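J.:
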Amino acid sequence: MDKWEYYHCDSRHPVSVFKDGNTVVNLERSGPVYFVSGDPDHCKNGQRLTVEVITPHRSPPQPYMDASPAPAPFSSAGSFSIVQKLVFLYVFVIAVSINI
Numbered sequence: 002m003d004k005w006e007y008y009h010c011d012s013r014h015p016v017s018v019f020k021d022g023n024t025v026v027n028l029e030r031s032g033p034v035y036f037v038s039g040d041p042d043h044c045k046n047g048q049r050l051t052v053e054v055i056t057p058h059r060s061p062p063q064p065y066m067d068a069s070p071a072p073a074p075f076s077s078a079g080s081f082s083i084v085q086k087l088v089f090l091y092v093f094v095i096a097v098s099i100n101i
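Read in the working numbering, the sequence shown has 9 at position 8, and its numbers run on one by one without any break.
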């Protein structure tokens, strides 16, 4: 079926006819493939489909790999120990101040 036949729901010269409702179609060439209902009224009411088959692409190139290692992620454990030290220092200073 060509584009004109598709848009005019002209199914007089189909490439194939399927009636089982459970058909698998192999799309082996690139370009548009047109499917319409064999019933002109169904086709005119939208029971039709265009599939644009694209050619497979080569596998994508591998990403650039930098020789330097990635930076280490931020660790909240290190900053938590600093906070602990500051709290300890603050409590120590207060305790010493009260005893004097």
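Ideal placement from N, C-alpha and C gives every residue a C-beta, glycine not left out.
Because the structure is a prediction, the values reported are computed rather than measured.
If you follow the beta strand (DSSP E) that Tyr35 is part of, which residue opens it and which one closes it?
T.: Run containing Tyr35: Gly32 to Val37, per the beta strand (DSSP E) assignment.
J.: Looking only at its own chain, which residues have a Cβ that is under 8 Å from the Cβ of Thr56, when we skip the five neighbours before and after it?
T.: Ser31
J.: Express the C-alpha separation of Pro41 and Asp3 in angstroms, rounding to a whole number.
T.: Going by C-alpha positions, Asp3 is about 16 Å away from Pro41.
J.: Would you report the Cα separation of Val84 and Ser98, rounded to the nearest angstrom?
T.: Whole-angstrom Cα-Cα distance: 21 Å.
J.: Where do the N-terminal and C-terminal ends of the beta strand (DSSP E) with Glu1 fall, by residue?
T.: Residue 1 is absent from the structure shown; the chain starts at 2 and stops at 101.
J.: Nearest to Val37 by alpha carbon, out of Glu29, Arg49 and Val26?
T.: Arg49
J.: Distance, Cα to Cα, Asn46 vs Cys10?
T.: 10 Å
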